[in-house]
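First up is the structure itself, then whatever we jot down about it.
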Amino acid sequence: MMVLDHSSIPAVVLVVEDEMLLRMRAVDMVEDAGYTSLEAVDADAAFAILESRSDIALLFTDIQMPGSMDGLKLAHAVHQRWPPIKIILVSGQLRLANIDIPPNSRFFGKPLQAKEMIAEMQDMIGEA
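The opening residue of the sequence shown carries number 1 in UniProt numbering; numbering runs sequentially from there.
This is how it looks when you write it as structure tokens:
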């Protein structure tokens with residue numbers, strides 16, 4: 001019988017961003033940090049992925065998104081349903097003082113600094 005060593009499997013980060021270039025940049029940061037990335041263009045797509053997988057360690061979401069809910073509502077819903085998942089919220093328009101983020105979440109204004117984001121992900125979910 002073969003036993004899988006889960007410690008060698010990279011953590012999975014779900015990136016939710018409706019703008020393709022920004023999503024690609026976020027995915028690059030996730031992969032540069034040593035993690036596996038999944039992509040969603042809105043909260044509905046993110047929920048479909050979250051419901052189909054049990055290995056997501058971190059949600060990386062933009063706040064301003066089209067669809068049934070924005071990134072802030074998505075973050076609160078994910079925290080309520082999957083409390084172990086860590087959350088990073090990003091926005092080019094909003095500032096942290098104006099929003100109420102869930103516990104165990106972090107907020108960053110755009111433009112994002114790759115080194116800072118990689119260090120933050122590694123701090124939140126461990127080094128890959």
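The beta carbon of each residue, even a glycine, is placed where N, CA and C say it ideally should be.
Just verifying my parser: in three-state terms, what is the DSSP assignment at residue i?
{"i": "V12", "result": "strand"}
{"i": "L74", "result": "helix"}
{"i": "L59", "result": "strand"}
{"i": "R23", "result": "helix"}
{"i": "A106", "result": "The identity of residue 106 in the sequence shown is Arg, whereas the question assumes Ala. DSSP places R106 in strand when its eight states are reduced to three."}
{"i": "I125", "result": "helix"}
{"i": "I87", "result": "strand"}
{"i": "Q64", "result": "coil"}
Per DSSP, which one or two residues make a beta bridge with residue i?
{"i": "F47", "result": "Note: F47 sits in no beta bridge, so no partner."}
{"i": "L38", "result": "L14"}
CA-CA distance, residue i and residue j?
{"i": "L14", "j": "M69", "result": "16 Å"}
{"i": "S105", "j": "E116", "result": "15 Å"}
{"i": "L4", "j": "I56", "result": "With a pLDDT of 46 at L4, under the threshold of 50, the modelled position of that residue is not reliable, and the figure given next carries that caveat. Each residue's alpha carbon lies about 18 Å from the other."}
{"i": "M24", "j": "L112", "result": "13 Å"}
{"i": "L89", "j": "F108", "result": "6 Å"}
{"i": "M65", "j": "M29", "result": "20 Å"}
{"i": "A26", "j": "W82", "result": "22 Å"}
{"i": "H6", "j": "D44", "result": "Because the pLDDT of H6 is 49, which lies under 50, any placement of that residue in the model is unreliable, and the number read from its coordinates should be weighed accordingly. Taking the straight line joining both Cα atoms gives about 29 Å."}
{"i": "M22", "j": "I63", "result": "It is Leu, not Met, that sits at residue 22 in the sequence shown. Taking the straight line joining both Cα atoms gives about 13 Å."}
{"i": "Q93", "j": "G67", "result": "18 Å"}
{"i": "G34", "j": "I85", "result": "18 Å"}
{"i": "R95", "j": "A75", "result": "16 Å"}
{"i": "I9", "j": "D100", "result": "33 Å"}
Please report the Cβ distance between residue i and residue j, rounded to the nearest whole angstrom; I am assuming they are in contact, meaning their Cβ atoms lie under 8 Å.
{"i": "I125", "j": "P102", "result": "Going by Cβ atoms, the distance from I125 to P102 rounds to 16 Å, so no, they are not a contact pair."}
{"i": "V16", "j": "A40", "result": "5 Å"}
Does the beta carbon of residue i come closer than 8 Å to any beta carbon on chain B?
{"i": "P102", "result": "Here there is only one protein chain, and chain B is not present."}
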